[in-house]
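The structure appears below as structure tokens.
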Amino acid sequence: MILWAIIQAIYVFLFQGNFPPGFFYFQSLFSTQELFIKRISSFAFEPSWLAHQVNLFYLPFWLGATISGTSAYRFRLWKISLENILFVLGAGVVFIASRVGTLALLLVLAFVALYANILLARRLQRWSLVRFSRFLPFVKKTLHFLLPLILVVAFLGLYMLGAVGLVYLLSYTDSRLALLFQPQALIEWVKLNRNPYVLFNNLKFAERYVYWVVGWRVFNIHPFLGVGLGNVGYFFERELPSFGWFLPEVMDLYYRASALPNVKSLWMRLLAETGIVGFSSFITWFYVLFKSSWFERLSKDPVFRTVGWSGLFVLVAFIFEGFSTDTFALPYLWMSLGIVSAVGALIRNSNDET
């Protein structure tokens, strides 16, 4: 999957999408969607589904194995395991495949960094208590307070520099991001985009925003139980913002598609179709699995520990992926969290026996 994505990326960025004829035939063996001239999709139907697949099924387990220091293989490149290499390659695939997928991956990395910072701050506090015990009480309290604060400021500075550097690199593949590094153009662009619909339209994201607005409006009409699974499309015409009637994709979906329109976001779909009751039930299930994963990461078994970390990363990534996923049918979330549930049951049964 990753190899085919890398080959596609080479032809997209170096040869302007001029794929050899044999590539189209090879792609047709795995997907009903043809190759994208300007984007990569590997074997998936579209680039966002590729990022969804990698973010919710592959990267979490590779990153979990990296953090827990385990591997399913004996292969080592010095001290680097195969999971370490696959994680780096998979992250690169996500960065060039999907904007929402990139945000989801960055959120996972931010979660890991925050966890590491908390551990480091706790160790620093314990170290300072020992080192500063012979100082005056006032000096001791001051240093005990300032050291973690300095550490937090330093890490925030590093994260900001890292974020700016990443956006700068991505600006070479996305002209919209390049505006951020052209002050005069950015000022003019902001002045012209004070209307959120115009802003998202210039970001080529207006269609998604319009779909989300439809879902939110339907939820406001039927807030408690929603309108029923799959029924939000019946309210599409009545609740569609006026700006939506100017968007070709929306009009093509409304007048030519054989299926009902949907709101292109699982979070908005849950609110609109199941109301507060269904949304709260889903969030409760989400929270229980988060607690289960948090518990599993402390297991002495390296495989269980890896699965625990993986479950946390799946749930964190899905916060953003839920704004791009528009169906319950994609299997990756259920497969990953099914493994988390199974490991949780195994650990509980083992604890009961002992």
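Note that the sequence shown covers residues -2 to 351 in the numbering used here. Glycine included, C-beta positions come from ideal geometry on N, C-alpha and C. All values reported here derive from a predicted model rather than from experimental measurement.
Notebook entry, point to check: Got a sec, what are the start and stop residues for the alpha helix (DSSP H) E234 sits in?
Noted result: Here residue 234 refers to the residue found at position 237 of the sequence shown. That run of the alpha helix (DSSP H) goes 233 to 236.
Check: To the nearest whole angstrom, what separates the beta carbons of F221 and V274, a pair I think is in contact under 8 Å?
Finding: Here residue 221 refers to the residue found at position 224 when the sequence shown is read from its first residue. Here residue 274 refers to the residue found at position 277 when the sequence shown is read from its first residue. So it is a contact: roughly 6 Å between Cβ atoms.
Check: Is it the case that the Cβ atoms of A88 and L116 are separated by a distance below 8 Å?
Finding: Residue 88 sits at position 91 when you count from the first residue of the sequence shown. Residue 116 sits at position 119 when you count from the first residue of the sequence shown. Contact: no.
Next item on the list: May I ask you to verify whether the segment 206 to 222 touches the segment 235 to 249, counting CB pairs closer than 8 Å and requiring at least 3?
Entry: Enough Cβ pairs lie closer than 8 Å, so yes.
Check: When you compare each of D298, F317, E31, E318 to G341 by their alpha carbons, which one comes out closest?
Finding: Position 344 of the sequence shown holds residue 341. Checking every option, the nearest Cα to that of G341 belongs to D298.
Next item on the list: Report all residues from its chain with a CB closer than 6 Å to the CB of F92; omit the five preceding and five following residues, and keep chain order.
Entry: On the sequence shown, position 95 is the one that residue 92 refers to. Hits under 6 Å: T99.
Notebook entry, point to check: Any heavy atom of the ligand ZN closer than 7 Å to the Cβ of I4?
Noted result: What this structure holds is no ligand at all, so the ligand ZN is not there to describe.
Next item on the list: Using the Cα positions of F310 and L53, report the straight-line distance between them to the nearest angstrom.
Entry: Here residue 310 refers to the residue found at position 313 when the sequence shown is read from its first residue. Here residue 53 refers to the residue found at position 56 when the sequence shown is read from its first residue. Rounded to the nearest angstrom, the two C-alpha atoms are 8 Å apart.
Next item on the list: Could you tell me the distance, in whole angstroms, from the CA atom of L158 to the CA atom of L103?
Entry: Sequence index remark: in the sequence shown, residue 158 carries index 161 (1-based). Sequence index remark: in the sequence shown, residue 103 carries index 106 (1-based). For L158 and L103, the distance between alpha carbons rounds to 14 Å.
Item checked: Residues sharing a beta bridge with I77, DSSP -> Locating residue 77 in the sequence shown gives position 80, counting from the first residue. For I77, which the question treats as bridged, DSSP gives the partners L74.
Check: By a C-beta neighbour count over all protein chains shown, 10 Å radius and 16 as the cutoff for buried, is M265 buried or exposed?
Finding: One-based indexing of the sequence shown puts residue 265 at position 268. Counting Cβ neighbours within 10 Å, M265 comes out buried, since at least 16 surround it.
Margin query: Whether or not the segment -2 to 11 and the segment 35 to 45 are in contact is what I'm after, with contact meaning three or more pairs of Cβ atoms, one per stretch, closer than 8 Å; do they touch?
Written below: yes
Checklist line | Rounded straight-line distance, which links the Cα of T324 to that of W282 | finding: Position 285 of the sequence shown, counted from the first residue, corresponds to residue 282. Position 327 of the sequence shown, counted from the first residue, corresponds to residue 324. Roughly 18 Å between the two C-alpha positions.
Check: F23 to M(-2), Cα distance in whole Å?
Finding: On the sequence shown, residue 23 is found 26 positions in, with the first residue counted as 1. On the sequence shown, residue -2 is found 1 positions in, with the first residue counted as 1. Each residue's Cα considered, the two are about 13 Å apart.
Notebook entry, point to check: For G319 versus S262, is the C-beta distance shorter than 8 Å?
Noted result: On the sequence shown, position 322 is the one that residue 319 refers to. On the sequence shown, position 265 is the one that residue 262 refers to. Yes, these two residues count as a Cβ contact at 8 Å.
Next item on the list: Go through its chain and collect everything with a Cβ distance to F20's Cβ below 7 Å, but skip five positions before and after it.
Entry: The count along the sequence shown starts at 1 and reaches residue 20 at position 23. The beta carbon of F20 is closer than 7 Å to those of L32 in its chain, skipping five residues each way along the sequence.
Note to self: According to DSSP, simplified to helix, strand and coil, what is L50?
What the structure shows: Reading the sequence shown from its first residue, position 53 is the one you call residue 50. The question names Leu, but residue 50 is Gln in the sequence shown. Residue state, collapsed to three classes: helix.
Margin query: So, for W46: in the same chain, excluding its five sequence neighbours on each side, which residues have a beta-carbon less than 8 Å away from its beta-carbon?
Written below: As a position in the sequence shown, residue 46 is number 49, starting the count at 1. So the list reads S38, L327, once near-sequence residues are dropped.
Note to self: For the alpha helix (DSSP H) containing M265, name the first residue and the last one.
What the structure shows: Stepping through the sequence shown from its first residue, residue 265 is reached at position 268. Here the alpha helix (DSSP H) through M265 covers 263 to 293.
Note to self: Can you check which of these residues, S338, A62, H219, is closest to S290 by C-alpha distance?
What the structure shows: Position 293 of the sequence shown, counted from the start, is the residue given in the question as residue 290. Nearest C-alpha to S290: S338.
Note to self: Going by DSSP, what residue range makes up the alpha helix (DSSP H) through V229?
What the structure shows: Counting from one through the sequence shown, the residue named residue 229 turns up at place 232. Note, V229: premise wrong, no alpha helix (DSSP H); not H, not E.
Note to self: So V304 and I336 are supposed to be a Cβ contact under 8 Å. How far apart are they, rounded?
What the structure shows: One-based indexing of the sequence shown puts residue 304 at position 307. One-based indexing of the sequence shown puts residue 336 at position 339. Yes, V304 and I336 are in contact; Cβ-Cβ is about 6 Å, under 8 Å.
Check: Is it right to say V211 is buried, meaning 16 or more other beta carbons lie within 10 angstroms of its own, or is it exposed?
Finding: Numbered from its first residue, the sequence shown carries residue 211 at position 214. Answer is buried; the Cβ neighbour count reaches 16.
Note to self: Between V224, K201, F232, which has its C-alpha nearest E246's C-alpha?
What the structure shows: Numbered from 1 along the sequence shown, position 249 holds the residue referred to as residue 246. It is K201 whose Cα lies nearest to the Cα of E246.
Note to self: According to DSSP, simplified to helix, strand and coil, what is T63?
What the structure shows: Indexing the sequence shown from 1 puts residue 63 at position 66. Correct three-state label for T63: helix.
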